[in-house]
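Residue numbers (this note's numbering): 7 to 453.
For glycine and all other residues, C-beta sits at the position ideal for the given N, C-alpha and C.
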Ligand SMILES: NC(=O)c1ccc[n+]([C@@H]2O[C@H](COP(=O)([O-])OP(=O)(O)OC[C@H]3O[C@@H](n4cnc5c(N)ncnc54)[C@H](O)[C@@H]3O)[C@@H](O)[C@H]2O)c1
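Next comes the structure, spelled out in structure tokens:
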């Protein structure tokens, strides 16, 4: 159990989705009592039965481990009354212009405000959802003050502290952050949040304290810096493909040693996707335009990224004879998740289907979610091996670890074209196939 002066004994997590339930489970497993709250009673009941409400690595195990410390309710007001810190992790959907709607945050704040009104103890409300700069100081603070009849920074605390996690490793990333952002209404609230993170984190992250707007901007800045870096590496990959002798892995491995650059997210493969990167990038563009600042960098990154799947489809089409069967290995936006939001592999599948191609697909986790968007147009294979066996051209679109276990002998059955966007194929596969690595000059193969 968490012990010590200033360390919260009970926290509420409002919103038990892809980020909220792993966070609630991770905190409870560290011995801090957690009351999760969600409008969705199915998720609440699952947590109370000790089951995972969403698919996430290790979640079921963490819920079992933290069982004595974790329960859930649909009553946000009651959860607020019981807790010293209240985290809000509800959706903030993107708006047409690129910003984020905070309607769900405000709806949660109404109930939380009513809870604050009924209690005496100092409570810190923490916005973890991604919001646009200005939201916490403006409408969120106003809403909480209106419904509580209290003053933020004096009668209750308000912080903005987003998480930098990747689906598939949410619990690990949450418990082992590189750093923590803490936008705060007042020093006392920041200290309470500080003590919380020091208790639950497995490492000792740097905690950056600042005002709300700088923390809100920093969240967008981290993700858009990474999207720019990915896009830069992809540009190097395009250049290497045209440059005789070019090999993007040689270039990125070398320049990644420069401490100003670093190797992470410097691969040169497919574009980025998922529920955060694309929309945070668009939001940065919208923020800049709204302030009459040049948004060209964010806009170009988005533009280039949207062209990646078309480029990969062109590469496939250059190798595909009429009537060729094309297999795509991987459909999720990254390994270890079933999420296909803005997935480059799904965009590739759509491009190829629109071009009238005969498509086979396989993904370890994302088959059901893919079927919702691709319908019956592709053939869904039972395994990666099955997909390779039935295809004339195979594209490794997502670097799932499972693909490395496809038996080498399958590639020797007949000569296929293997397009490897992530260059993960072992030597044996490369020798057995017409191997086309993305980001490497193959002029002798494609002529
Ligand atoms: N998923 C990610 O990879 C990720 C990463 C970083 C940040 N975020 C941010 O975290 C926030 C939540 O994202 P998510 O992916 O967990 O969303 P999600 O859709 O998976 O889950 C949100 C949950 O909030 C619940 N909810 C909605 N309105 C509510 C309300 N008024 N009161 C109580 N519960 C409510 C929903 O029922 C749902 O269970 C978003 O702002 C997102 O941008 C997500």
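Quickly, what does DSSP pair residue 188 with across the bridge? List them, please.
-> 215
Extent of the continuous alpha helix (DSSP H) to which residue 144 belongs = No alpha helix (DSSP H) contains residue 144, which DSSP labels as neither H nor E.
State buried or exposed for residue 429, treating a residue as buried only when at least 16 other CB atoms are found within 10 Å of its CB.
-> That one is buried.
Please name the residue in 316, 300, 329, 323 whose C-alpha comes closest to that of residue 351.
-> 316
Taking just the CA atoms, how far does residue 278 sit from residue 119?
-> Roughly 38 Å between the two C-alpha positions.
Proximity winner among 108, 433, 375, relative to residue 344 (alpha-carbon distances) = 375
Proximal residues to residue 364 (C-beta, below 6 Å), its chain only, five neighbours per side dropped = 331
Taking only the alpha-carbon atoms, compute the straight-line gap between residue 175 and residue 410 and give it to the nearest angstrom.
-> Across the structure, residue 175 and residue 410 are spaced so that their CA atoms are roughly 20 Å apart.
Could you name each continuous beta strand (DSSP E) segment of 3 residues or more that falls completely within the segment 56–128, going from the start of the chain to the end?
-> 76–79, 91–94
May I ask you to check if the CB of residue 189 is nearer than 8 Å to at least one heavy atom of ligand 1?
-> no
Would the beta-carbon of residue 172 fall within 9 Å of that of residue 188?
-> no
Opening and closing residue of the alpha helix (DSSP H) in which residue 390 lies = First-last of the alpha helix (DSSP H) with residue 390: 390–396.
Kindly indicate which three-state DSSP category residue 358 falls into: helix, strand or coil?
-> helix
From which residue to which residue does the beta strand (DSSP E) around residue 443 run?
-> 440–443
Other residues of its chain near residue 94: CB distance less than 8 Å, five sequence neighbours each side excluded = 20, 21, 111, 114, 115, 118, 131, 132, 133, 134, 135
Using the Cα positions of residue 101 and residue 235, report the straight-line distance between them to the nearest angstrom.
-> 25 Å
Distance between residue 207 and residue 60 (C-alpha atoms, nearest Å) | 22 Å
Residue 288 - DSSP class collapsed to helix/strand/coil = helix
Name the one or two DSSP bridge partners that residue 426 has.
-> 402, 443
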